[in-house]
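Residue numbers (full-length UniProt numbering): 1 to 989.
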């Protein structure tokens with residue numbers, strides 16, 4: 001090795017050592033010695049390998065340790081690795097005959113590419129198998145392993161993904177179960193006839209400490225008595241979880257086939273750091289980072305790297321990527337302007353698989369074999385992957401029944417934008433308010449559609465034994481789904497048959513907040529499922545690497561054997577498709593375009609929708625008739641409609657303060673209602689709400705709940721136009737009512753404010769706290785009051801309104817958890833038979849139903865009256881006695897402070913002349929002298945209306961400034977008109 005190359009190698013090893021250190025850092029809450037090593041490294045950290053082992057593995061003078069594979073990966077020109085001898089035709093023919101004859105358990109013989117991949121694995125020091133979904137890579141792995149074991153080799157199958165390891169273990173278990181447990185003598189009789197059974201009899205599932213403790217002899221079932229402890233290296237470093245009781249050579253002489261995660265592989269034996277397997281098969285290499293891949297290389301004399309770069313990449317957070325880039329910059333390792341290095345761990349989506357492509361197969365393409373025959377999915381489903389991802393290289397061999405639907409893809413769409421951030425389910429806001437956290441996301445609209453429209457189908461599929469997978473790129477969505485699915489299927493499937501796949505397991509070097517998460521019903525063969533649901537969560541029309549990512553959508557489609565069902569917002573699609581589906585486009589400030597995705601990695605949900613439309617439109621004859629007849633598939637607009645579906649169309653680039661799209665949606669719905677004798681006022685402040693027959697203002701009864709009770713308000717108040725009696729107060733809860741953060745930490749201020757308002761309404765006004773149906777999916781955060789008292793004061797149905805209810809206080813979240821909020825929406829849904837789609841035993845109540853029941857309470861005369869002040873109920877268009885029975889929304893003609901009054905008066909030419917040169921302070925002094933207001937205690941910061949002032953409509957406003965609290969008058973429309981008429985007299989005072 002030249003001097004220059006030696007320096008480069010040292011810098012590269014220093015880079016990987018630091019990358020391992022950063023990746024293995026334990027969390028800030030971990031306790032050294034209990035939760036992690038004393039130096040703060042997590043127990044799964046691989047830093048010990050780079051500190052204690054890698055130099056020995058690269059020392060060519062150490063024949064017992066030297067790893068040519070690792071040396072070649074790090075840049076050494078080792079001809080035997082890069083250019084192995086060509087396959088011997090006589091050997092390959094003999095191996096093919098053995099495989100065809102001695103694998104009676106398999107119904108399908110290996111195809112041409114599968115056989116080539118097997119031969120290379122058995123003879124090349126390094127080979128790569130690209131295995132797209134459904135191409136039988138696990139079958140190839142089993143044959144490779146069985147052939148190698150039959151030749152007397154020691155074999156390990158590993159992955160960073162324990163699910164991939166379990167998949168192989170399950171296949172091996174089936175091979176063993178074919179004959180049941182036999183005595184060694186009986187088992188020997190089967191060896192010559194079944195190589196898969198032979199390998200299964202010599203297999204032990206190892207890996208983590210827990211796995212080793214459960215390890216048993218496959219034939220006798222006897223426990224193998226592994227014993228873990230601390231392994232101490234010569235430099236004194238102690239590594240926990242290391243096997244102390246088993247030696248590699250003696251154990252593998254009896255059990256030459258093991259499975260394990262890479263992180264635990266060396267720890268499985270007392271001398272595991274110095275031993276190598278004759279053959280190591282790494283599965284799901286696209287999910288493996290470079291640090292882990294190097295450890296795997298060091299364990300092998302020959303290696304087979306199996307994966308698909310179009311599947312999921314390694315878990316690498318933005319913080320980790322930035323940290324390793326800083327290390328490489330400090331070491332001046334990767335020069336700018338040159339081709340990207342295969343060793344650069346900061347590259348987006350880079351994996352050990354893609355690194356090996358660049359290091360090995362680009363130098364010798366013969367080292368790589370692609371499996372091309374697909375046997376899993378319906379042709380119309382895998383057709384999307386073949387066209388959009390695999391450049392039509394797949395040969396689809398899946399048999400299809402002649403009377404089946406030609407395109408079993410369902411696109412269930414809605415309008416709206418419902419994606420919201422939430423805190424992780426393990427850290428609710430009320431328990432950890434100061435902990436710095438990374439949020440996840442949910443889409444409660446998609447959950448509602450799945451619950452109501454797909455619930456019955458889910459139960460039917462599960463009852464029929466179909467395997468189901470629900471995929472989402474956000475952990476929060478999957479956790480909410482888990483609770484719903486378990487409840488839905490509790491009497492249909494066993495609890496153990498419902499699993500969350502959240503990738504929270506041993507071996508995660510860096511924690512990415514989101515990747516692809518799954519909820520599965522019934523265990524499946526590998527990663528294939530009869531039915532797959534995709535919930536992308538994101539509704540926005542912009543590029544987003546997870547919810548529309550190439551790999552995510554490829555994973556979803558390629559898992560679906562029989563059906564693929566997608567729930568999405570039209571807003572996520574391009575403008576032309578929105579017009580085709582809904583006849584209109586949602587406003588988007590900066591919509592994503594095809595040119596925004598030059599590397600063809602994003603916007604794949606759009607591509608799937610376009611493919612489905614094109615495929616269905618291309619059908620003809622009987623195929624087209626079958627597709628049209630089966631309304632289970634194709635494009636379907638959800639019947640789960642909401643007033644908030646119009647949010648994207650109510651969003652304005654320039655909105656006024658407080659003019660939010662959710663409130664405008666509710667306002668539009670209220671205007672469309674037909675209720676006789678009622679009117680609606682917007683933003684009614686507490687000082688305009690009157691109790692005890694109009695003698696007391698609500699703002700004066702809030703106790704210590706508000707510093708400035710005059711600033712508290714209801715978004716909408718429905719009241720009797722003739723009397724001003726409040727029938728309903730409505731709060732429209734936007735996303736900040738459920739999620740709010742400040743500098744990465746939970747901000748509970750809005751939850752506490754909502755809690756305060758709930759308590760005031762319940763205890764002071766004696767109103768009914770109401771919700772439109774059951775409270776689900778975290779739509780109503782429990783505030784301090786609810787936690788303290790344990791009370792559940794929310795009424796979810798109008799029938800539960802009590803006889804003493806003064807009015808209904810209705811909170812409506814804009815998060816998609818409610819639907820059919822009005823009579824009109826429910827009636828429209830019923831007209832198309834949507835009521836039958838609701839999986840619940842009830843339809844949700846409407847706003848009008850609550851109003852009608854509350855009016856019935858009034859007729860009984862037991863409830864106290866709460867009214868709104870005269871100035872707050874004056875409408876631009878009066879509805880008292882109006883026969884049209886339409887609800888009008890009162891104008892937002894709110895009381896003004898003196899500065900705003902001056903601005904208004906100066907628009908009148910007569911008053912402008914009188915007020916020339918008069919400041920607000922001057923006018924306040926005149927109003928004091930004229931007897932309209934008084935200085936309480938002589939303090940100019942405490943100006944309150946006198947009896948004369950209150951008589952014309954002046955009220956008090958309680959505020960707070962940098963100098964502390966203050967009180968000042970506010971002037972209603974009547975007060976402003978009265979003072980304007982007397983302005984000359986006031987100014988003479």
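Cβ coordinates follow ideal geometry from the N, Cα and C atoms, glycine included.
Burial of residue 933 is indicated by the presence of at least 16 other C-beta atoms within 10 angstroms of its C-beta. For the options 612, 774, 754 and 455, the alpha carbon positioned closest to that of residue 490 is the one of 455. With a contact defined as Cβ atoms closer than 8 Å, residue 519 and residue 485 qualify at about 6 Å. The DSSP-derived three-state label of residue 812 is strand.
Under a 10 Å Cβ-count criterion, residue 148 is classified as buried, with 16 or more other Cβ atoms of the shown protein chains found around its own Cβ.
Shortest Cα-Cα distance from residue 195 to any of 818, 18, 106 and 410 involves 106. Under the DSSP definition of a beta bridge, residue 697 partners with 690. Residue 627 places its beta carbon less than 8 Å from that of residue 634.
When beta bridges are read from the DSSP output, residue 682 appears opposite 716.
Its Cα nearest to that of residue 957, the residue 711 stands out among 578, 711 and 903. Counted as a single uninterrupted DSSP element, the stretch harbouring residue 982 is not any beta strand (DSSP E), since DSSP gives it neither H nor E. Sixteen is the threshold: since fewer than 16 other Cβ atoms of the shown chains lie within 10 Å of the Cβ of residue 832, the residue is exposed. The three-state reading of DSSP puts residue 739 in coil, since its state is none of H, G, I, E or B. Taking a contact to require three or more Cβ pairs closer than 8 Å, the segment 388-405 and the segment 578-593 do not qualify as touching. Taking the C-beta atoms as reference points, residue 305 is found nearer than 8 Å to residue 285.
Judged by DSSP in its simplified three-state form, residue 392 adopts coil rather than helix or strand. Nearest C-alpha to residue 562 among 581, 651, 549 and 532: 532. A straight-line Cα-Cα distance of about 8 Å links residue 694 and residue 868. Closest by C-alpha distance to residue 419, out of 221, 974, 697 and 814, is 814. The C-alpha of residue 873 lies about 53 Å from the C-alpha of residue 564. For residue 242, the enclosing beta strand (DSSP E) starts and ends at 238-243.
Each residue's CA atom was taken as its position, placing residue 716 and residue 708 some 20 Å apart.
Put simply, the segment 96-112 does not touch the segment 342-352. Fewer than three CB pairs are less than 8 Å apart. Around residue 51, the same chain offers no residue with a beta carbon nearer than 6 Å, after the five sequence neighbours per side are excluded. Burial state of residue 244 is exposed, judged by a 10 Å Cβ sphere holding fewer than 16 other Cβ atoms. Looking at the DSSP output, residue 401 bridges to nothing.
Below 8 Å, too few C-beta pairs join the segment 856-865 and the segment 662-672 to call them touching: fewer than three. The shortest CA-to-CA distance from residue 20 to any of 751, 321, 73 and 247 is the one to 321. If one requires a minimum length of 4 residues, the alpha helix (DSSP H) runs lying completely within the segment 444-501 are 444-452, 455-463 and 475-488, in chain order. Where residue 927 is concerned, the enclosing alpha helix (DSSP H) starts and stops at 920-929. Exclusion of the five residues before and after residue 448 leaves 640, 816, 817 and 819 as the residues of its chain whose Cβ lies within less than 7 Å of its Cβ. Residue 820 sits in coil when the DSSP states are folded into three classes, being neither helix nor strand. For residue 452, the closest C-alpha among the options 401, 175, 209 and 776 is that of 776. As DSSP reads the structure, residue 422 sits in a beta bridge with 440. In this structure, residue 751 and residue 798 do not form a Cβ contact; the two beta carbons are roughly 26 Å apart against a cut-off of 8 Å. Residue 296: member of the alpha helix (DSSP H) spanning 290-298, first to last residue.
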